[in-house]
Amino acid sequence: MHIRRRRPFHTLALAAGLAGTTLIAGGAFGQSTEDVGGQVSADEGTARQPDSMPSADELFKRHLDAVGGREKLLEIRAQHVEGTVRQIGGDYFALLSVTNIANDEAPHRVRVVIEPIGQPTIKTQFDGQFGWTELGESTYDIIVGPRLQNLARDADFLMLAQFEEAFPDRRATDKVEFEGRGMFRAEVQNRYGMTERHWFDAETGLLTITESAQAIAGGSFRPITVIYREYRDFGNGIKYPRLIEQITVEQPEEGDPIQIVMRLTYDSVITDPDRIDPIRMPDELRQEIERIMERQQRERERQQQNEGAGG
Numbered sequence: 448m449h450i451r452r453r454r455p456f457h458t459l460a461l462a463a464g465l466a467g468t469t470l471i472a473g474g475a476f477g478q479s480t481e482d483v484g485g486q487v488s489a490d491e492g493t494a495r496q497p498d499s500m501p502s503a504d505e506l507f508k509r510h511l512d513a514v515g516g517r518e519k520l521l522e523i524r525a526q527h528v529e530g531t532v533r534q535i536g537g538d539y540f541a542l543l544s545v546t547n548i549a550n551d552e553a554p555h556r557v558r559v560v561i562e563p564i565g566q567p568t569i570k571t572q573f574d575g576q577f578g579w580t581e582l583g584e585s586t587y588d589i590i591v592g593p594r595l596q597n598l599a600r601d602a603d604f605l606m607l608a609q610f611e612e613a614f615p616d617r618r619a620t621d622k623v624e625f626e627g628r629g630m631f632r633a634e635v636q637n638r639y640g641m642t643e644r645h646w647f648d649a650e651t652g653l654l655t656i657t658e659s660a661q662a663i664a665g666g667s668f669r670p671i672t673v674i675y676r677e678y679r680d681f682g683n684g685i686k687y688p689r690l691i692e693q694i695t696v697e698q699p700e701e702g703d704p705i706q707i708v709m710r711l712t713y714d715s716v717i718t719d720p721d722r723i724d725p726i727r728m729p730d731e732l733r734q735e736i737e738r739i740m741e742r743q744q745r746e747r748e749r750q751q752q753n754e755g756a757g758g
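Number 554 in my numbering belongs to position 107 of the sequence shown; there are no gaps in the numbering.
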């Protein structure tokens with residue numbers, strides 16, 4: 448068995464949660480919304496503080512009511528989504544499936560499987576503690592650091608239904624227009640200590656945009672914006688966004704930043720736990736990680752003993 452500590456390059460940095468809906472594309476870890484804004488702009492000159500601005504709690508509750516109700520959302524213990532992902536203006540195309548399974552408490556479990564046409568399948572999983580990508584038979588990439596935080600956030604598919612606990616710091620900020628529609632905006636700090644900005648449709652109540660940041664290789668962060676479109680019921684009484692656009696900005700070694708737009712289209716949603724495969728770390732991988740952790744613990748103890756003897 449081979450274990451790597453370097454995550455391979457992924458054209459699409461997918462996340463997981465759909466219910467309600469939470470982020471689909473990229474966990475919110477790193478910078479404040481002042482640092483990450485700019486991919487999606489409000490219509491020129493429309494930002495204002497209305498006389499009767501709803502509170503942040505009211506905005507979240509309106510969204511939950513619009514998609515089917517908080518109680519129905521909290522009944523979901525597992526969900527499996529299938530669809531496709533393509534790059535707008537590019538040639539990237541892949542089949543996609545995202546599976547979420549709830550633990551007793553967050554962080555939950557997530558599995559993202561990307562099958563690019565003509566390329567190897569990429570399967571990334573998180574079991575609530577460890578994250579890993581399968582690179583081939585008995586070959587794994589262990590996900591650590593801020594990227595593991597991304598996975599934990601992505602696995603948290605019940606965040607909106609549990610918004611009081613998920614977003615302990617939340618406030619409504621202003622009203623703007625996007626694509627000709629009124630939007631109420633709320634700024635929140637999630638339970639992982641990171642800031643997000645949510646845009647809610649003033650008429651329907653539906654969450655329409657989420658702005659955040661995502662940890663990438665090298666310990667840096669990149670802005671990420673997710674736009675949710677065409678909410679529909681896939682047969683379980685809950686409305687999910689059928690189309691999701693992920694907007695990121697890549698900085699090449701030379702030249703200006705490049706904006707990349709990926710479009711996710713969902714074809715089916717299953718919420719029957721009996722029809723969803725479990726998310727478990729392979730035994731051989733868990734055993735190897737345990738051996739590594741034991742060696743690291745012994746090394747720390749030796750260092751402490753040496754420091755004590757030297758003192």
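All C-beta atoms in this analysis are idealised placements derived from N, C-alpha and C, irrespective of residue type, glycine included.
Model, not experiment: these values are computed from the prediction.
- Residue 574 is classed as buried because its beta carbon has at least 16 other beta carbons within 10 Å across all chains shown.
- In this structure, residue 528 lies near residue 545, with their beta-carbon atoms less than 7 Å apart.
- For residue 709, the pairing in a beta bridge is given by DSSP as 534, 693.
- Within the segment 616-688, the runs of beta strand (DSSP E) at least 3 residues long that lie entirely inside it are, in chain order, 616-625, 628-636, 642-648, 654-662, 668-680.
- The residue from 696, 700, 678 with its alpha-carbon nearest to that of residue 690 is 678.
- Collapsing the DSSP output to three states places residue 524 in coil.
- Residue 610 carries a helical assignment under DSSP once its states are collapsed to helix, strand and coil.
- Here DSSP, grouped into helix, strand and coil, assigns residue 518 to helix.
- With fewer than 16 other Cβ atoms from the protein chains shown falling within 10 Å of its own Cβ, residue 740 counts as exposed.
- Counting only the Cα atoms, residue 696 lies some 7 Å from residue 669.
- Taking a 10 Å sphere around the C-beta of residue 637, we find 16 or more other C-beta atoms and assign the residue as buried.
- For residue 544, the pairing in a beta bridge is given by DSSP as 529, 560.
- Distance from the CA of residue 505 to the CA of residue 609, rounded to the nearest whole angstrom, comes to 14 Å.
- For residue 572, the uninterrupted beta strand (DSSP E) run begins and ends at 569-573, by DSSP.
- In the three-state scheme derived from DSSP, where H, G and I count as helix and E and B as strand, residue 755 is classed as helix.
- In the structure shown, the three-state DSSP call for residue 582 is strand.
- If you ignore the 5 residues before and after residue 568, its C-beta comes within less than 6 Å of the C-beta of 562, all in its own chain and listed in chain order.
- Rounded to the nearest angstrom, the gap between the Cα atoms of residue 654 and residue 748 is 50 Å.
- Between the alpha carbons of residue 687 and residue 537 lies a distance of about 26 Å.
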